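Asker: First, the structure itself, so that you have it in front of you.
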Ligand code: SF4
């Protein structure tokens, strides 16, 4: 995807990092935490029509694993056209992969929340200091 972005983004008349409002959702932050990545110091969202605060002169300044999922999964029409031209996997197949990853993100969130809830209701999870 990065190679594809390098071939399209700098020629784009309406860069999505300026025209769209994006943000880190809870699952993004949870994944970063579980992967021991740094948590971004601010939300990605900016005022409508303002560039994303992480957009630099050469594109996104965030490492791939720290970008909002909504940025990672977006394949613009120019990129789809290039993929088709290059004979790369068809975007529909990529769409299936994206759906799988989204399912895994939901599972991760559900599992973490369930573990937190189990931890809260289990008396053995409280330290003796809490009981005194
Ligand atoms: S986080 Fe990066 S890829 Fe996403 S909108 Fe901001 S600059 Fe663009």
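Numbering (the working numbering), first residue to last: 1 to 132.
Here a beta-carbon is modelled for each residue, glycine too, at the ideal position from N, C-alpha and C.
Quick caveat, the model's predicted, so the values are computed rather than measured.
1) Just to confirm my understanding: we take residue 98, look at its own chain, exclude 5 residues before and 5 after, and list those with CB closer than 6 Å. What are they?
2) Going by C-alpha distance, which of 119, 112, 117, 120 is nearest residue 27?
3) If you follow the alpha helix (DSSP H) that residue 44 is in, where does it begin and where does it stop?
4) Return helix, strand or coil for residue 55, following the three-state DSSP convention.
5) Looking at C-alpha atoms only, which residue of 118, 110, 42, 71 is the closest neighbour of residue 19?
6) Using a threshold of 8 Å, state whether the C-beta atoms of residue 65 and residue 102 are closer than that.
7) Would the beta-carbon of residue 68 be found less than 7 Å away from any heavy atom of the ligand SF4?
8) Which of helix, strand or coil does DSSP assign to residue 114?
9) In terms of residues, what are the limits of the alpha helix (DSSP H) holding residue 17?
10) My output table needs one value for residue 103: the three-state DSSP class, helix, strand or coil.
11) So if DSSP puts residue 60 in a beta bridge, which residue, or which two residues, is it bridged to?
12) If you measure from the CB of residue 55, is any heavy atom of the ligand SF4 nearer than 7 Å?
Answerer: With the structure as the only source:
1) 73
2) 112
3) First-last for residue 44: undefined, no H or E at that position.
4) strand
5) It is 71.
6) Cβ distance not < 8 Å, so residue 65 and residue 102 don't count as in contact.
7) yes
8) helix
9) For residue 17, the enclosing alpha helix (DSSP H) has its first and last residue at 16 to 19.
10) helix
11) 55
12) yes
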